[in-house]
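Chemist:
2 protein chains.
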Amino acid sequence: MLIRNTVKLIKSLQQKKYRREHALFVVEGGKSVQEVLASDWPLHSVYATAAYLPELAAGLRRRGLDAITVKAAELADMGSYEHNDSALAVLEIPLPAPIRFGDGEYVLVLDDIRDPGNLGTIIRTADWFGIRQIICSPETADLYNPKVLAASMGSFLRVQVHYTALPAFLQAHADRPSYGAFLDGTDVHRTAFEPRGGLLVIGNEAHGIQPELAGLVTHRITIPAYGQAESLNAGIATAILLDNWRQSAQRS
Amino acid sequence: MLIRNTVKLIKSLQQKKYRREHALFVVEGGKSVQEVLASDWPLHSVYATAAYLPELAAGLRRRGLDAITVKAAELADMGSYEHNDSALAVLEIPLPAPIRFGDGEYVLVLDDIRDPGNLGTIIRTADWFGIRQIICSPETADLYNPKVLAASMGSFLRVQVHYTALPAFLQAHADRPSYGAFLDGTDVHRTAFEPRGGLLVIGNEAHGIQPELAGLVTHRITIPAYGQAESLNAGIATAILLDNWRQSAQRS
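Those protein sequence lines, which keep their order, are chains A and B.
Here the first sequence is numbered in the numbering used here, starting from 1 and rising by one per residue.
Here the second sequence is numbered in the numbering used here, starting from 1001 and rising by one per residue.
1) Using a 10 Å radius around the Cβ and a threshold of 16 neighbouring Cβ atoms, would you call Pro-1146/B buried or exposed?
2) Based on DSSP bridge pairs, tell me the residues matched to His-1219/B.
3) Run through the stretch 1040-1127 of chain B for me and flag every whole alpha helix (DSSP H) of 4 or more residues, listed as ranges in chain order.
4) For the alpha helix (DSSP H) that contains Ile-1010/B, what are its first and last residues?
5) How far does the beta strand (DSSP E) with Gly-1198/B in it reach, from first residue to last?
6) Could you tell me whether any Cβ in chain A is nearer than 9 Å to the Cβ of Ser-1231/B?
7) So, for Ala-50/A: in the same chain, excluding its five sequence neighbours on each side, which residues have a beta-carbon less than 6 Å away from its beta-carbon?
8) Which chain B residues are close to Gly-227/A, counting only those with a beta carbon under 9 Å from its beta carbon?
9) Please name the residue, chosen from Lys-1011/B, Asp-1112/B and Val-1036/B, that lies closest to Leu-1166/B on a Cα-to-Cα basis.
10) My output table needs one value for Gly-254/A: the three-state DSSP class, helix, strand or coil.
11) Using a C-beta to C-beta distance shorter than 7 Å, which residues of chain A count as neighbours of His-1162/B?
12) Leaving out five residues before and five after Pro-195/A in sequence, what residues of the same chain have Cβ atoms less than 8 Å from its Cβ?
13) Measuring alpha carbon to alpha carbon, tell me which residue in Leu-53/A, Leu-241/A and Leu-60/A is nearest Ala-38/A.
14) Straight-line CA distance for Leu-213/A to Ile-236/A?
15) At the level of alpha carbons, what is the spacing between Glu-35/A and Tyr-18/A?
16) Tell me, please, which residues DSSP counts as bridged to Val-1033/B.
17) Are Ala-87/A and Pro-116/A closer than 9 Å when you measure CB to CB?
18) Please report how far the alpha carbon of His-1189/B lies from the alpha carbon of Gly-208/A, in whole angstroms.
19) Tell me which residues of the stretch 1202-1219 of chain B have at least one Cβ-Cβ distance to chain A shorter than 8 Å, keeping chain order.
20) Name, going along the chain, the residues of the stretch 1174-1198 of chain B whose beta-carbon falls closer than 8 Å to a beta-carbon of chain A.
21) Answer yes or no: does any C-beta atom of chain A fall closer than 9 Å to that of Asn-1145/B?
22) Leaving out five residues on either side along the sequence, give the residues of the same chain with a beta carbon under 8 Å from the beta carbon of Tyr-1106/B.
23) Taking only beta-carbon atoms, is Pro-116/A less than 9 Å away from chain B?
24) Going by the beta-carbon positions, is the gap between Glu-205/A and Ala-234/A smaller than 9 Å?
25) Would DSSP call Val-1188/B helix, strand or coil?
26) Between the Cα of Thr-1006/B and the Cα atoms of Ala-1089/B, Glu-1082/B and Arg-1062/B, which residue gives the shortest distance?
27) Below 8 Å on the Cβ atoms is my contact criterion, and I expect Leu-1056/B with Val-1027/B to pass it. Report the Cβ-Cβ distance as a whole number of Å.
28) Can you check whether the C-beta of Gly-235/A is within less than 9 Å of a C-beta belonging to chain B?
29) Measure the CB-CB distance between Arg-1176/B and Phe-1101/B and report whether it falls below 9 Å.
30) State yes or no: is the beta carbon of Ala-1023/B nearer than 9 Å to at least one beta carbon in chain A?
31) Where does His-207/A sit, in a helix, a strand or coil, going by DSSP?
32) With a cut-off of 8 Å on the beta carbons, I'd call Asn-1084/B and Gly-1029/B a contact; round off their distance for me.
33) Given that a residue counts as buried once 16 or more other Cβ atoms are within 10 Å of its Cβ, and exposed if not, what is Gly-203/A?
34) Taking C-beta pairs closer than 9 Å, name the residues in chain A that Asp-1243/B reaches, listed in chain order.
35) Against chain B, does Ala-151/A count as a neighbour if the rule is that its beta carbon must be under 9 Å from one of theirs?
36) For Gln-1247/B and chain A, any beta-carbon pair shorter than 9 Å?
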């Protein structure tokens, strides 16, 4: 049986305010908790049903940790899932890490991606294409939002997500090429992305890249349209940009 | 003031069962209702706030229709949106149309896309890339689900969505090339899609393309991975496939 205050604290982590206050966040579902245990992410505590516990044994041993056994109803009560008959972990929010460019590295820059599902899908897609760092505007959805984590399918463990003011970030890296998706740029299918590394900039779902940032983007590119849709979803545009960036590297 | 039974009927259309019973569905939000009025989709009725009515005047005139003036609270009550201070339309569900292949046409085939947001995003993306017809398995999310319509951003008005048993459909079109996304296929970046038209097959979010269908796919293709994510979101995979199909046509 859990102490009521523990349930209350963990439940409060669904809100950004309390995540910041305690520097903790929650990961839900057995598969995700297994991935957390296999990673080196700093852990606070792990909760699992008696039935699911054996699945976590190897991971817990590796971490030198014990899980707290709870009922499925308690897991659901602590987290955001309607049903959870497997596990839940409480993780530490790390201190902000410095952004360092590797040789030839491309980073993804997100200008106000507000939808948590979009952000999570973008992190998962970035991981697929080997992006290691994502730079988000302060208004972008919070990485530790349960919907972001769920949509990222564990990729948040491998892709570093930073939050910073984007105009200053682009100015500080003005020596690197930056490619931004606009409706009036050059065809992304014919774009040769510079091999020395740079920035891939994606705009807000409704308003695109904000004007202050748009002026700092060195290469305006466009995903060619063949039909009548007015725009693409921000996650979809990111995926097509990343795939074309990888194709360009294959050609050169 | 609306008759209570009208509100109750329209509200019931959020459930598939009642949409089928009445052959009606609901489109919410001013911009979407404007798009509906500009299209030729058969309309049942239009509801708008007095403040928003002028925005619909041209569209209503074109359709020879009057809107029923309601309060914002009534719009929210009738629909799925928490707030709606503009408009809502009730549309007719048309009878199933036959699937006819145009010259060189590619159709999208969706094998059990369960998430309404994914289906809506796929319809929007298909519209961007000029796909005219989508063939869905019976288990795929319902086109007239409010979340599908919202994510499609009006593209449901331009892309025909059919529901049918997919193994029989693929067998009936075995003379056409079919390209399916698998984890072990040939590199989509190097795939030359046949110009005579064919089928692009996308699998379920968790299980991919079902075995019965997989055996009927003539070309197994793969989106190359450069990182560690295990898979891509189904909407993301669709977008990359469609963009590569269009690129392949440019090359040939």
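Where a beta carbon is used, it is the ideal one built from N, C-alpha and C, also for glycine.
Computed from a prediction, not measured in an experiment: that's the story for all the values here.
Modeler: With the given structure in hand:
1) The count along the second sequence starts at 1 and reaches residue 1146/B at position 146. Answer is buried; the Cβ neighbour count reaches 16.
2) Taking the second sequence and counting its residues from 1, the one referred to as residue 1219/B is at position 219. Answer is Tyr-1179/B, bridged to His-1219/B.
3) 1053-1063 and 1072-1078
4) Position 10 of the second sequence, counting from 1, holds the residue named residue 1010/B. Taken as a continuous stretch (DSSP letters only), the alpha helix (DSSP H) holding Ile-1010/B covers 1004-1012.
5) Position 198 of the second sequence, counted from the first residue, corresponds to residue 1198/B. Segment 1198-1202, the beta strand (DSSP E) holding Gly-1198/B.
6) Reading the second sequence from its first residue, position 231 is the one you call residue 1231/B. Chain A, which has a Cβ nearer than 9 Å to the Cβ of Ser-1231/B, makes this yes.
7) As a working mapping, residue 50/A is identified with position 50 in the first sequence. If we look at Ala-50/A and ignore the five residues flanking it on each side, its Cβ neighbours are Thr-69.
8) Residue mapping note: residue 227/A aligns to position 227 of the first sequence, counting from 1. The answer, in chain order, is Ala-1126, Asp-1127, Trp-1128, Phe-1129, Gly-1130, Ile-1131, Arg-1132, Ser-1155, Arg-1158 and Val-1159.
9) Position 166 of the second sequence, counted from the first residue, corresponds to residue 1166/B. Residue Asp-1112/B is the option with its Cα nearest to Leu-1166/B.
10) Nothing can be reported for residue 254/A, as the shown portion of chain A is limited to 1 through 252.
11) Translated into positions along the second sequence, residue 1162/B becomes position 162. In chain order: nothing, as chain A lies at least about 18 Å away.
12) In the first sequence, the residue the question calls residue 195/A occupies position 195. These residues qualify, in order along the chain: Gly-104, Ala-249 and Ser-252.
13) By 1-based counting over the first sequence, the position of residue 38/A is 38. Out of Leu-53/A, Leu-241/A and Leu-60/A, Leu-60/A has the C-alpha closest to the C-alpha of Ala-38/A.
14) Within the first sequence, the letter at position 213 stands for residue 213/A. Within the first sequence, the letter at position 236 stands for residue 236/A. One C-alpha to the other measures close to 21 Å.
15) Position 35 of the first sequence holds residue 35/A. Position 18 of the first sequence holds residue 18/A. Glu-35/A and Tyr-18/A: Cα-Cα distance of roughly 24 Å.
16) In the second sequence, the residue the question calls residue 1033/B occupies position 33. Looking at the DSSP assignment, Val-1033/B forms no beta bridge with any residue, so it has no partner.
17) Translated into the one-based positions of the first sequence, residue 87/A becomes position 87. Translated into the one-based positions of the first sequence, residue 116/A becomes position 116. Not closer than 9 Å, so no.
18) Working through the second sequence from its first residue, we reach residue 1189/B at position 189. Working through the first sequence from its first residue, we reach residue 208/A at position 208. Put simply, the backbone Cα of His-1189/B is about 28 Å away from that of Gly-208/A.
19) none
20) Considering only beta carbons, the part of the stretch 1174-1198 of chain B lying closer than 8 Å to chain A consists of His-1189, in chain order.
21) Along the second sequence, read from residue 1 onward, the residue named residue 1145/B stands at position 145. No, its Cβ sits nowhere closer than 9 Å to a Cβ of chain A.
22) Working through the second sequence from its first residue, we reach residue 1106/B at position 106. Only Ile-1131, Phe-1193, Gly-1197, Gly-1198, Leu-1199, Leu-1200 and Trp-1245 meet the Cβ criterion.
23) As a first step, residue 116/A must be located in the first sequence, where it is residue number 116. For Pro-116/A, the answer is no, since every Cβ of chain B falls outside 9 Å of its Cβ.
24) Here residue 205/A is taken as the residue at index 205 of the first sequence, counted from 1. Here residue 234/A is taken as the residue at index 234 of the first sequence, counted from 1. Yes, the pair counts as a contact, with Cβ atoms nearer than the cut-off.
25) For the purposes of this step, residue 1188/B is identified with residue 188 of the second sequence, where counting begins at 1. Of the three classes helix, strand and coil, the one that applies to Val-1188/B here is helix, per DSSP.
26) By 1-based counting over the second sequence, the position of residue 1006/B is 6. Selected option, being the one with the closest Cα: Ala-1089/B.
27) Indexing the second sequence from 1 puts residue 1056/B at position 56. Indexing the second sequence from 1 puts residue 1027/B at position 27. No, Leu-1056/B and Val-1027/B are not in contact; Cβ-Cβ is about 12 Å, not under 8 Å.
28) The sequence position of residue 235/A within the first sequence is 235, counting from 1. Taking Cβ atoms only, chain B reaches closer than 9 Å to Gly-235/A, which makes this a yes.
29) As a working mapping, residue 1176/B is identified with position 176 in the second sequence. As a working mapping, residue 1101/B is identified with position 101 in the second sequence. Yes, the Cβ-Cβ distance between Arg-1176/B and Phe-1101/B is below 9 Å.
30) For the purposes of this step, residue 1023/B is taken as residue 23 along the second sequence, with counting starting at 1. Not closer than 9 Å to any Cβ of chain A, the Cβ of Ala-1023/B fails to qualify, so no.
31) The residue given as residue 207/A occupies position 207 in the first sequence. Correct three-state label for His-207/A: coil.
32) Position 84 of the second sequence, counted from the first residue, corresponds to residue 1084/B. Position 29 of the second sequence, counted from the first residue, corresponds to residue 1029/B. Between Gly-1029/B and Asn-1084/B the Cβ distance is about 7 Å, and since that is below 8 Å, they are a contact.
33) Within the first sequence, the letter at position 203 stands for residue 203/A. When all chains shown are included, Gly-203/A counts as buried.
34) Working through the second sequence from its first residue, we reach residue 1243/B at position 243. Those within 9 Å of Asp-1243/B in chain A are Val-188, His-189, Ile-223, Pro-224, Ala-239, Ile-240, Asp-243 and Asn-244.
35) Here residue 151/A is taken as the residue at index 151 of the first sequence, counted from 1. True, the Cβ-Cβ gap to chain B drops below 9 Å.
36) Stepping through the second sequence from its first residue, residue 1247/B is reached at position 247. Yes, because at least one Cβ of chain A sits closer than 9 Å to the Cβ of Gln-1247/B.
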